[in-house]
Amino acid sequence: MQVTSEIERFKKYCDSLVSYKRRKTIEVNIGGVKMGGDNPIRVQSMTTVDTMDTEGSVEQTIRMVEAGCEYVRITAPSIKEAKNLENIKNELRKRGYNVPLIADIHFTPNAAELAAKIVEKVRVNPGNYADKKKFETIEYTDDTYQAELDRIKERFVPLVEICKEHGTAMRIGTNHGSLSDRILSRYGDTPLGMVESALEFLRICEEMEYYNIVLSMKASNTQVMVQAYRLLVQKLDEEGLKPYPLHLGVTEAGEAEDGRIKSAVGIGTLLEDGLGDTVRVSLTEEPEEEAPVAAALIERYEDRQGHNEILPLEYPLQDPFGYSRRETREVLNIGGENVPRVIADLEFLAKKEIEIPDLKSIGHFYLPEPDKWTMNDLGADFIYTGDNPVRFMLPNGLKEIVDFVRWSTLEDKNNKFPVFEIQDYHQANVKHPKLNFLKLTLSDTDDTVLDLLRHDETLVVLLSTSNKHGLAEQRRFIYLLIENNIDTPVILHRTYGDLNEDKLLLYSATDIGGLLIDGFGDGAMISNRDQVKHTEKDTLLNSVKFHNETTFGILQAARTRMTKTEYISCPSCGRTLFDLQETTAMIRKRTDHLKGVKIGIMGCIVNGPGEMADADYGYVGSGKGKITLYKGQEVMKRNIPSEHALDELINIIKEDGQWTEPGQSLDN
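So for the sequence shown, the numbering used here puts the first residue at 38; every next one is plus one.
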């Protein structure tokens, strides 16, 4: 028993899995705007203007501050840019802007050492601060590995001494895609490798009694990113290191709704458990567009404490540092090995009577000429119509859920499926022989309910919550099933009201995506109480379409159901060698039909093959007007003129057998 408790102790990565409490960290002073401790969660972003453009950098920084940025990061890829940080800072101070500046450093320790004397904070990436990445696998003995650590220390110590002398803070920021060959050789491409990469540098800092440090574990893959941050917290505690503040971010999240969903899935999952002291949302948009998204994610937690009590849980029952989907039984096409299903809530639309063309809003299209249905990649699997079932035959790829009381009156009970309240289930004389949905919350669930879930193999739980700390409550319900060895599939149902679309997108991505990342959830359904206010059918259809696309976007961002092309595009910075927004739009236009294919679009070599480690193909700026193309991390074509680069990228995809013409689909 003692052995078990010792093992489980090391699964702990937050103060509580059921009661919201922000992780207590040391306080770090960044130019008078303090982070961690009892300070608010801070908002930051990064300029995209060339650092040598003093006026442009100043003007953009001002726009960022006015949009809500509390820290502004500026790239310093070489000595000349590091020197110009002083001109930028002086001009900002002259105009009355005292926002702390952060120098972003890759590959150039001498630039970091200069910048640390000028700005309030420097960011170093341990993967490329003292190492050159050659994508080589090297066998290290303990002695040769230690020799490498000694070399790193020699290169890093001067920066620490300067930071101590000038009161400059530092972020040790690991990126999943830029782990050194040495780390990859020993730890592999893993969250543990990311954590160890940062700890090598952190141990040097602690040895030198320098603690003005922030840590980050950023990745484009949301599962890896969440696992790495959790593991970092656990490792700090395990080694007796100080509880440093955390900078949260998903690298290369992309643009528009997809970028926001992906950011919320990664960042929001950690904020839910009280982790995170500053947030940067990385969108392929102007940096002033990022701050309001970060602020919207953060503000949910200002009044989170004091939520309704949740059944206690000491430690996670599933590994929080690696992905494994909860094993469930298959009920019709839900659970088991099936991808998570999407249920579209059409209850309010059904009150106005659903017509055949209305199903376009959820990805199902009727073609009158051949008299057949077709479906796009975002075709919902089920519709919920409440007590107003549709009056026409649905396409084969779509099934309908109806409230039990109404379902019990139907002549054809076979092609529609009932959803029960718990009291109706106990009293019902008839149930569907293959699939029945049961609405539950954690508070509904007693031994009697657990027993019926255990024995009725036709049941799927439609899990709801009204708790302010809803993710934790729904997670606790699933752990209750695990504790009792119950393999009933669970559909995650979240209902929102009085939210605009921007917030609903972020909140639902956090609430549902956070559970999917832990391997929980066999489907998802988003509802909006405000729909009842709408009288116009077109407004309802737009809302239904938005919810459906958002649900599919969450599943994709959590890496649990890939239904469209994924663009891993960096947010641009002063190093970028082409217009990222324009280029991303151009590439998207030609490739957005390639279901499940991941394309990295990187403005420079810093955000090149390493940073897009998760991509299948890469489009990377290698010089003015020059593009280098990758398959995975392998260079396929180097220094292609930009006007021909997209055609060459498509040729590489075709040669790899991953290309389809628009209107077709890959058989994968």
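Built from N, CA and C at the ideal position, the CB exists for glycine as well. Values in this document were obtained by computation on a predicted structure and should not be read as measured data.
query                                                                                                                                                                 : result
Considering Met-101, what are the terminal residues of the alpha helix (DSSP H) in which it resides?                                                                  : 91-103
Would Met-89 pass as a contact of Arg-110 if the rule is Cβ separation under 8 Å?                                                                                     : no
Could you tell me the distance, in whole angstroms, from the CA atom of Lys-601 to the CA atom of Gly-416?                                                            : 12 Å
For Tyr-50, is the classification buried or exposed, using 16 other Cβ atoms within 10 angstroms of its Cβ as the cut-off for buried?                                 : buried
Would Lys-674 and Leu-666 be called neighbours here (beta carbons separated by less than 8 Å)?                                                                        : yes
Rounded to the nearest angstrom, how far is the Cβ of Pro-77 from that of Tyr-108, given a contact under 8 Å?                                                         : Actually they are not in contact, since the Cβ atoms of Pro-77 and Tyr-108 sit about 13 Å apart, beyond 8 Å.
Does the segment 389-400 come within contact of the segment 338-355, defined as at least 3 CB pairs closer than 8 Å?                                                  : no
Counting C-beta neighbours from all protein chains within 10 Å, is the total for Phe-557 16 or more, i.e. buried, or is it exposed?                                   : buried
Provide the residue span of the beta strand (DSSP E) that contains Asn-530, from first to last.                                                                       : Inspection of the sequence shows that residue 530 is occupied by His rather than by Asn. It spans 527-533 - the beta strand (DSSP E) in which His-530 sits, taken as one unbroken run.
To the nearest angstrom, report how far apart Gly-296 and Ile-371 are at their CA atoms.                                                                              : 28 Å
Between which two residues does the alpha helix (DSSP H) harbouring Leu-236 extend?                                                                                   : 228-244
Since Val-161 contacts Ile-142 with CB under 8 Å, what's their CB separation in whole angstroms?                                                                      : 5 Å
Measuring CB to CB, does Ile-116 end up less than 8 Å from Ala-148?                                                                                                   : yes
Going by the DSSP bridge assignment, what does Ile-73 pair with across the sheet?                                                                                     : Rather than Ile, the amino acid found at residue 73 in this sequence is Gly. Gly-73 pairs with Glu-64.
Quick one: what's got a C-beta closer than 6 Å to Tyr-403's C-beta in the same chain, skipping five residues either side?                                             : Ile-393 and Trp-410
Spatial neighbours of Thr-588 within its chain, please: CB distance less than 6 Å, with the 5 preceding and 5 following residues excluded, ordered by chain position. : Val-379, Ala-561 and Ile-563
Kindly indicate which residue of Lys-691, Leu-122 and Lys-397 has the alpha-carbon position closest to the one of Arg-627.                                            : Lys-691
Per DSSP, which residues does Arg-110 bridge with? Please list them.                                                                                                  : Met-83 and Ile-139
CA-CA distance, Asn-644 and Phe-419?                                                                                                                                  : With a pLDDT of 48 at Asn-644, under the threshold of 50, the modelled position of that residue is not reliable, and the figure given next carries that caveat. Taking the straight line joining both Cα atoms gives about 40 Å.
Compute the beta-carbon to beta-carbon distance between His-463 and Lys-450, rounded to the nearest angstrom, for a pair I have assumed lies under 8 Å.               : About 19 Å; that fails the 8 Å criterion.
Measuring only the C-alpha atoms, how far is Asn-124 from Thr-91?                                                                                                     : 7 Å
Quick check on Gln-695: does DSSP put it in helix, strand or coil?                                                                                                    : coil
Which stretch, first to last residue, makes up the beta strand (DSSP E) that contains Ser-37?                                                                         : Nothing can be reported for residue 37, as the shown portion of the chain is limited to 38 through 705.
Tell me the rounded alpha-carbon separation between Gly-507 and Glu-698.                                                                                              : 43 Å
Are there 16 or more other CB atoms within 10 angstroms of the CB of Met-254, so buried, or fewer, so exposed?                                                        : buried
Using the C-alpha atoms, what's the distance from Leu-334 back to Thr-321?                                                                                            : 18 Å
Run through DSSP, which three-state label would Lys-49 get?                                                                                                           : coil
Between the Cα of Glu-309 and those of Glu-292, Val-263 and Ala-167, spot the shortest distance and give me the residue it belongs to.                                : Val-263
Touching or not, the segment 272-279 and the segment 303-318, by the rule of three or more beta carbon pairs under 8 Å?                                               : no
From the DSSP output, in three-state form, read off Lys-663 for me.                                                                                                   : strand
Alpha carbon to alpha carbon, how far is Leu-475 from Gln-593? Give it in angstroms, no decimals.                                                                     : 26 Å
With H, G and I counted as helix, E and B as strand and the rest as coil, what does DSSP make of Arg-341?                                                             : coil
Give me the residue from Asp-340, Asp-274, Ala-301 and Glu-292 with the minimum Cα distance to Glu-323.                                                               : Glu-292
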